[in-house]
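Engineer: In the working numbering, the protein residues as written are 273 to 480.
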């Protein structure tokens, strides 16, 4: 599958790049994508939720009133879960939500996501570029030239250029990642996938 390479001003460069069938034209595996996305989202959770139980709340050591004679319910502490200010029954405790994913499943999920993108013609390939200085207006001009304003876009670079990252981090609906660190969730969570020409070789080498 051949795709034309565009310049950052939106015009055609005259070159084209071949998207390998082994990565961009496989039969997508939906279950692999499901497992990869589920693991990714689970691994984003901090798991720091916590509420105090009865034995962790200060006070309540004295019996509020005598056991008999008042005509009311018996009570042994003012920190009972039945009282306002008391502990919580079976409240949340800190835990680790990390899920491990088999490497082959992870690779299959990313290949499946890229194949879906290629089939839907949602992949744009641009020539390698960098900025001399980080300027948001420069990145905005690139998106405008590619007619991507207002579209949720993922830009994959071959190397971690801080000038490119800083130029795009304040632009809404734009996410910038290195090709070797992209996940199946990232590949699917956008409308248009923009790839630098050298980033294609990098991601193909990783997935093959």
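A virtual CB, placed ideally from N, CA and C, is assigned to each residue, including glycine.
1. How big is the Cα-Cα spacing for residue 427 and residue 350?
2. Distance check for residue 479 and residue 281, CA to CA, integer angstroms please.
3. Contact defined as beta carbons within less than 8 Å: I believe residue 289 pairs with residue 397. What is the distance between those atoms, to the nearest angstrom?
4. Do three or more CB pairs link the region 397-411 to the region 426-445 at distances below 8 Å?
5. On a CA-only basis, which of 386, 319, 338, 331 is nearest residue 369? Give me that one, please.
6. Looking at the structure shown, is residue 365 part of a helix, part of a strand, or coil, going by DSSP?
7. Thinking just about the alpha-carbon of each residue, which of 422, 367, 343 is nearest to the one in residue 462?
8. For residue 402 versus residue 469, is the C-beta spacing smaller than 7 Å?
9. Residues bridged to residue 278 by DSSP?
10. Need the endpoints of the beta strand (DSSP E) that residue 291 sits in, please.
11. Thinking C-alpha only, which one of 394, 435, 305 is nearest residue 464?
12. If you draw a straight line from the C-alpha of residue 337 to the C-alpha of residue 347, how long is it?
Structural biologist: Short version:
1. Position 155 of the chain shown holds residue 427. Position 78 of the chain shown holds residue 350. Going by the C-alpha atoms only, they are around 58 Å apart.
2. Residue 281 sits at position 9 when you count from the first residue of the chain shown. Residue 479 sits at position 207 when you count from the first residue of the chain shown. Residue 281 and residue 479: Cα-Cα distance of roughly 30 Å.
3. Stepping through the chain shown from its first residue, residue 289 is reached at position 17. Stepping through the chain shown from its first residue, residue 397 is reached at position 125. About 6 Å; that satisfies the 8 Å criterion.
4. yes
5. Sequence index remark: in the chain shown, residue 369 carries index 97 (1-based). The shortest Cα separation from residue 369 among 386, 319, 338, 331 belongs to 319.
6. Within the chain shown, numbered from 1, the residue matching residue 365 stands at position 93. Coil, per DSSP.
7. Looking up residue 462 in the chain shown gives position 190. Minimum Cα distance to residue 462 is reached at 422.
8. In the chain shown, residue 402 corresponds to position 130, counting from 1. In the chain shown, residue 469 corresponds to position 197, counting from 1. Cβ atoms of residue 402 and residue 469: not closer than 7 Å.
9. Counting from one through the chain shown, the residue named residue 278 turns up at place 6. Residue 278 pairs with 284, 398.
10. Within the chain shown, residue 291 is the residue found at index 19, counting from 1. No beta strand (DSSP E) contains residue 291, which DSSP labels as neither H nor E.
11. Walking along the chain shown from the start, residue 464 turns up at place 192. Comparing Cα-Cα distances from residue 464 to each of 394, 435, 305, the minimum goes to 394.
12. Here residue 337 is taken as the residue at index 65 of the chain shown, counted from 1. Here residue 347 is taken as the residue at index 75 of the chain shown, counted from 1. Roughly 7 Å separates the two Cα atoms.
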